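> Reading the sequence shown from the start, the letters are residues 1 to 666 in the UniProt record's numbering.
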Amino acid sequence: MAMKVVALAGNPNVGKTTVFNDLTGMRQHVGNWPGVTVEKKEGVFEYNGEKFLVVDLPGTYSLTAHSIDELVARNFLLNGNPDVVVNVVDATSVLRNLLLTMEILEMGLKNVIIALNKIDLAEKKGIRIDPAKMSKALGVPVVAMSAKEGIGVDELKKRIYEMAHGLIKTEPVLPEYDPEVEREIEHITQCLRGTELESRYPLRWLAIKLLQRDDEVMKLVLRYIGEEKLKEIMTHIGEAEERYGRAMDLIIASQKYEFIDGLTHEFMHYTAKEGESLTDQLDRVLIHPVYGFVVLAAVFYAVFKFVFALGLPLQGWLGDLFDSFGQWLVPQIANETLRGLLVDGIIGGVGAVLSFFPLVFLLFFALSILEDIGYMARVAVLMEGIMRKFGLPGKAVIPLILGLGCNVPAVMATRTLDDERDRLVAMFVNPFIPCSARLSVISFLAGTFFSSNHALVALSVYLIAITVALLSAWLISHFVVRGEESPFVIELPEYLIPSWKTVILHSWERSKEFVKKAGTVILVGAIVIWYLSNYPVEIGTGRSYAERLGQIFEPYMRLMGLDWKAAVSLLFGIIAKENVISTYSVIYGVSGGEAMLREAMRHVMTPLQAYVLAVVTTLYIPCIATIGAIKAESNWKWALFTTVYMITVASLAGILIWHMGLALGI
Ligand SMILES: Nc1nc2c(ncn2[C@@H]2O[C@H](COP(=O)(O)OP(=O)(O)OP(=O)(O)O)[C@@H](O)[C@H]2O)c(=O)[nH]1
Ligand SMILES: [Mg+2]
Numbered sequence: 001m002a003m004k005v006v007a008l009a010g011n012p013n014v015g016k017t018t019v020f021n022d023l024t025g026m027r028q029h030v031g032n033w034p035g036v037t038v039e040k041k042e043g044v045f046e047y048n049g050e051k052f053l054v055v056d057l058p059g060t061y062s063l064t065a066h067s068i069d070e071l072v073a074r075n076f077l078l079n080g081n082p083d084v085v086v087n088v089v090d091a092t093s094v095l096r097n098l099l100l101t102m103e104i105l106e107m108g109l110k111n112v113i114i115a116l117n118k119i120d121l122a123e124k125k126g127i128r129i130d131p132a133k134m135s136k137a138l139g140v141p142v143v144a145m146s147a148k149e150g151i152g153v154d155e156l157k158k159r160i161y162e163m164a165h166g167l168i169k170t171e172p173v174l175p176e177y178d179p180e181v182e183r184e185i186e187h188i189t190q191c192l193r194g195t196e197l198e199s200r201y202p203l204r205w206l207a208i209k210l211l212q213r214d215d216e217v218m219k220l221v222l223r224y225i226g227e228e229k230l231k232e233i234m235t236h237i238g239e240a241e242e243r244y245g246r247a248m249d250l251i252i253a254s255q256k257y258e259f260i261d262g263l264t265h266e267f268m269h270y271t272a273k274e275g276e277s278l279t280d281q282l283d284r285v286l287i288h289p290v291y292g293f294v295v296l297a298a299v300f301y302a303v304f305k306f307v308f309a310l311g312l313p314l315q316g317w318l319g320d321l322f323d324s325f326g327q328w329l330v331p332q333i334a335n336e337t338l339r340g341l342l343v344d345g346i347i348g349g350v351g352a353v354l355s356f357f358p359l360v361f362l363l364f365f366a367l368s369i370l371e372d373i374g375y376m377a378r379v380a381v382l383m384e385g386i387m388r389k390f391g392l393p394g395k396a397v398i399p400l401i402l403g404l405g406c407n408v409p410a411v412m413a414t415r416t417l418d419d420e421r422d423r424l425v426a427m428f429v430n431p432f433i434p435c436s437a438r439l440s441v442i443s444f445l446a447g448t449f450f451s452s453n454h455a456l457v458a459l460s461v462y463l464i465a466i467t468v469a470l471l472s473a474w475l476i477s478h479f480v481v482r483g484e485e486s487p488f489v490i491e492l493p494e495y496l497i498p499s500w501k502t503v504i505l506h507s508w509e510r511s512k513e514f515v516k517k518a519g520t521v522i523l524v525g526a527i528v529i530w531y532l533s534n535y536p537v538e539i540g541t542g543r544s545y546a547e548r549l550g551q552i553f554e555p556y557m558r559l560m561g562l563d564w565k566a567a568v569s570l571l572f573g574i575i576a577k578e579n580v581i582s583t584y585s586v587i588y589g590v591s592g593g594e595a596m597l598r599e600a601m602r603h604v605m606t607p608l609q610a611y612v613l614a615v616v617t618t619l620y621i622p623c624i625a626t627i628g629a630i631k632a633e634s635n636w637k638w639a640l641f642t643t644v645y646m647i648t649v650a651s652l653a654g655i656l657i658w659h660m661g662l663a664l665g666i
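1) If you draw a straight line from the alpha carbon of residue 649 to that of residue 503, how long is it in whole angstroms?
2) If you reduce the DSSP assignment to three classes, tell me which class residue 63 lands in.
3) Around the C-beta of residue 291, are 16 or more other C-beta atoms found within 10 angstroms, so that it is buried, or is it exposed?
4) Report the residue from 435, 557, 286, 629 whose alpha carbon sits nearest the alpha carbon of residue 515.
5) Could you pull the start and end residues of the beta strand (DSSP E) that residue 128 belongs to?
6) Would you be able to state if there are at least three C-beta pairs under 8 Å between the stretch 11-27 and the stretch 147-161?
7) Relative to ligand 1, is the shortest distance from any of its heavy atoms to the C-beta of residue 148 smaller than 7 Å?
8) Could you please give me the residues that DSSP links to residue 88 through a beta bridge?
9) Is it the case that the Cβ atoms of residue 8 and residue 57 are separated by a distance below 8 Å?
10) Could you pull the start and end residues of the beta strand (DSSP E) that residue 41 belongs to?
11) Which ranges does the alpha helix (DSSP H) cover as unbroken runs of at least 4 residues, wholly within the stretch 500-583, from first to last along the chain?
12) What whole-angstrom Cβ distance do residue 118 and residue 10 have, given they're in contact under 8 Å?
13) Ordered along the chain, which non-local residues of its own chain (more than five positions away) have a Cβ less than 7 Å from that of residue 174?
14) I want to check one thing, is the minimum distance from the CB of residue 295 to the heavy atoms of ligand 1 below 7 Å?
15) Looking at the structure shown, is residue 269 part of a helix, part of a strand, or coil, going by DSSP?
16) To the nearest angstrom, how far is the alpha carbon of residue 269 from that of residue 261?
17) Start and end of the alpha helix (DSSP H) containing residue 649?
18) Can you pull the DSSP bridge partners for residue 4?
19) With a cut-off of 8 Å on the beta carbons, I'd call residue 432 and residue 397 a contact; round off their distance for me.
20) Residue 14: beta carbon under 7 Å from a heavy atom of ligand 1?
21) Do you know how far the Cα of residue 405 is from the Cα of residue 35?
22) Which residue wins for smallest C-alpha separation from residue 606, given the options 446, 233, 646?
23) Mind reading off the beta-carbon distance from residue 619 to residue 646? Whole number of angstroms is fine, and I expect it under 8 Å.
24) With a threshold of 8 Å on Cβ separation, who are the neighbours of residue 282 within its own chain once the five nearest residues in sequence on each side are excluded?
25) Measuring only the C-alpha atoms, how far is residue 77 from residue 394?
26) Could you tell me whether the Cβ atoms of residue 562 and residue 544 are closer together than 8 Å?
27) In this structure, does DSSP put residue 247 in helix, strand or coil?
28) Can you name the start and end residues of the beta strand (DSSP E) that residue 173 belongs to?
29) At what residues does the beta strand (DSSP E) containing residue 410 begin and finish?
30) With distances taken Cα to Cα, identify the nearest neighbour of residue 44 among 12, 476, 80, 5.
31) Ordered along the chain, which non-local residues of its own chain (more than five positions away) have a Cβ less than 6 Å from that of residue 565?
32) Determine the extent of the alpha helix (DSSP H) in which residue 455 is found, giving its start and end residues.
33) For residue 71, is the beta carbon positioned less than 7 Å from some heavy atom of ligand 1?
34) Measure the CB-CB distance between residue 315 and residue 359 and report whether it falls below 8 Å.
35) Are residue 248 and residue 203 close, meaning C-beta to C-beta below 8 Å?
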């Protein structure tokens, strides 16, 4: 006998995955952040000697076809023929949650059980719900639960068993609309009757979705009734909207809401609260239009301090470890080519990846904590207004801020964005944000050439980079990955103390993935660069492939006032941006440390040229690790497009600054 299938559906962050884990004993990731589960996950539990397959669907606010998540959930409910649908409802916001419940019931599903979760929290907030009365009002079983504490799990299993075996009779309540809307629904239902649709889909649901002009349903219906008839229906809807003076979508939504509001009075009431909850108190400061930003700045400053104070020494230490390993290997290998390839190419390359590991891990660690506490949702709310102006959602500010440290984990952090289009844009502009490696180049050049006001000069480079990033976000979201703006719905979860175990596990998983995915790209890059700088003769002679390549670019570099040496340095900067400076010391054959290099460079470069070099270094290309990360998170094409775009922008900026500087007589 095939296993009975149980689908878990509900709004984001209501505790579906917690219920799933309770049922199946599995350990899926639970996060205090809406949108944690984006694909459906499956697991099995046993009751009364029978096995049930549980499917954890992504959380959605509705079942319209706005995003992939919503479609995944809807298609599963519509076509997956689950034997039982468990609709997880958050007891602390029943009104909003029941909107989805109503949509599920409107689909004509008769096998729905409501898991009324987070009753512990609801009680604390003074919300009293009577499950028996709620069950009566909705016509389906209601199981009160506190999934986090494992309360109600056994009853839920029992109900699922009974439902799957037809031992429960349900009479789901359906929202009632105004007579006029009902007439429209009836009219469309009539039009669809008699077609093949009738045996496959609930006609009333199709009719309501057509009234809401749901794209996917329109496409579906089109296949069965033809263009002519669909057009007729849509014209009819248009006329009805004209009579109302409002879109049907809005009318239906508001009437549904009123219906639910009336319903809840039958089973829910509020008792007097003992003052404000802690979450409310905290939010008065944390999402305050002024203090909120002060806290935001302080929090991210602390994250930076933490990550870099701890991460940079570890990075250096790991780097040294690989160096000494290489040194140790040198006398062991007789073949010179093999030795060079292994020690300088491969170990150098792998070392470069692995030495990023502490930074990546610590960043994810800090992020996971902020996420689990519930703070990230507040950041999104604070930044929404500003970021939207540039075509990005508020949450996208998090990866941008992280980019100041290192673009690699920052690119990976774009995963917190739900919308694919938003993710692509956020990933695309991220490499423009100057990472700490570029900070070292910028501060070296500023310090060497602009001793009196080097901080100001460095700051100006940052400002240029951030401006370019935001403008690019605007450009890309308006012209390349156009699409509907994802609606801004985010819940503000209760603040929680994070669980250290999940935080550590989660950051470990994420950073491990970085090494796996970005590793190959970096390795290949390191080998290529090694080859270019050792053949046919070693670099520093002016005749290595790397230097010859630089010389080819000389005319191009001249456009921005730079020479072939800059081209070679920038080439090596692709491996890691800090190489831009160290390459100069190789080319000039300076071995006497930083002071001598500064002296040597002052002789061959003007401050204007140095400034151009600083800007170009900041903008010209993502380093290999970042390219690898973008490729891992999207695809090759997007990584390549980002790279080409950055080279173009950097060249334009370089040329512009050089000529403006000349014109101003600097
Ligand atoms: N107080 C309380 N918190 C709960 C309960 N169940 C879940 N939570 C918390 O609610 C948050 C969200 O839980 P998840 O299980 O990830 O929610 P989800 O519905 O799977 O979320 P998405 O996958 O993002 O849609 C987590 O912080 C849980 O610890 C409960 O019964 N009581
Ligand atoms: Mg989940």
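For glycine and all other residues, C-beta sits at the position ideal for the given N, C-alpha and C. Please read these numbers as outputs of a predicted model, since none were measured by experiment.
The short version:
1) One alpha carbon belongs to residue 649, the other to residue 503, and they sit about 39 Å apart.
2) Residue state for residue 63 is assigned as coil, using DSSP reduced to three classes.
3) Result: exposed.
4) Nearest of 435, 557, 286, 629 to residue 515, Cα basis: 629.
5) Here the beta strand (DSSP E) through residue 128 covers 127-129.
6) By the C-beta criterion, the stretch 147-161 is judged to be in contact with the stretch 11-27, since at least 3 inter-stretch pairs fall below 8 Å.
7) Residue 148: yes, Cβ under 7 Å from ligand 1.
8) For residue 88, the beta-bridge partners assigned by DSSP are 10, 115.
9) Their beta carbons are under 8 Å apart, which means residue 8 touches residue 57 by this criterion.
10) 41-47 is the span of the beta strand (DSSP E), which, as asked, contains residue 41.
11) Considered as a whole, the stretch 500-583 harbours 500-534, 545-552, 554-558, 564-573 as its complete alpha helix (DSSP H) runs of no fewer than 4 residues, in chain order.
12) Contact doesn't hold; Cβ gap of about 11 Å is too wide.
13) Counting only Cβ-Cβ distances below 7 Å, and skipping sequence neighbours, we find 105, 106.
14) No, the Cβ of residue 295 stays beyond 7 Å of every heavy atom of ligand 1.
15) Strand, per DSSP.
16) Rounded to whole angstroms, residue 269 and residue 261 show a C-alpha spacing of 12 Å.
17) Taken as a continuous stretch (DSSP letters only), the alpha helix (DSSP H) holding residue 649 covers 636-663.
18) The partner list for residue 4 (beta bridge, DSSP) reads 52.
19) For a cut-off of 8 Å, the C-beta gap from residue 432 to residue 397 is around 14 Å, too long to register as a contact.
20) Indeed, a heavy atom of ligand 1 lies less than 7 Å from the Cβ.
21) Any reading at residue 35 needs caution, since the residue's pLDDT is 44, under 50, leaving its predicted position unreliable; the model's value is listed next. Rounded to the nearest angstrom, the two C-alpha atoms are 26 Å apart.
22) Considering only 446, 233, 646, the residue with the shortest C-alpha distance to residue 606 is 446.
23) Separation of the CB atoms of residue 619 and residue 646 is rounded to 6 Å, and the pair is thereby assigned contact status at 8 Å.
24) If we look at residue 282 and ignore the five residues flanking it on each side, its Cβ neighbours are 495.
25) Cα atoms of residue 77 and residue 394: separation of roughly 31 Å, rounded to the nearest angstrom.
26) With contacts defined by Cβ atoms closer than 8 Å, residue 562 and residue 544 do not form a contacting pair.
27) Of the three classes helix, strand and coil, the one that applies to residue 247 here is coil, per DSSP.
28) Per DSSP, residue 173 belongs to no beta strand (DSSP E) and is neither H nor E.
29) Residue range 407-413 is occupied by the alpha helix (DSSP H) that includes residue 410, with no beta strand (DSSP E) assigned at that position.
30) Residue 44 has its Cα closest to that of 5, out of 12, 476, 80, 5.
31) Here the set comprises 587.
32) Start and end: 454-479.
33) The answer is no for residue 71.
34) Against a cut-off of 8 Å, the Cβ pair of residue 359 and residue 315 comes out as a contact.
35) Not closer than 8 Å, so no.
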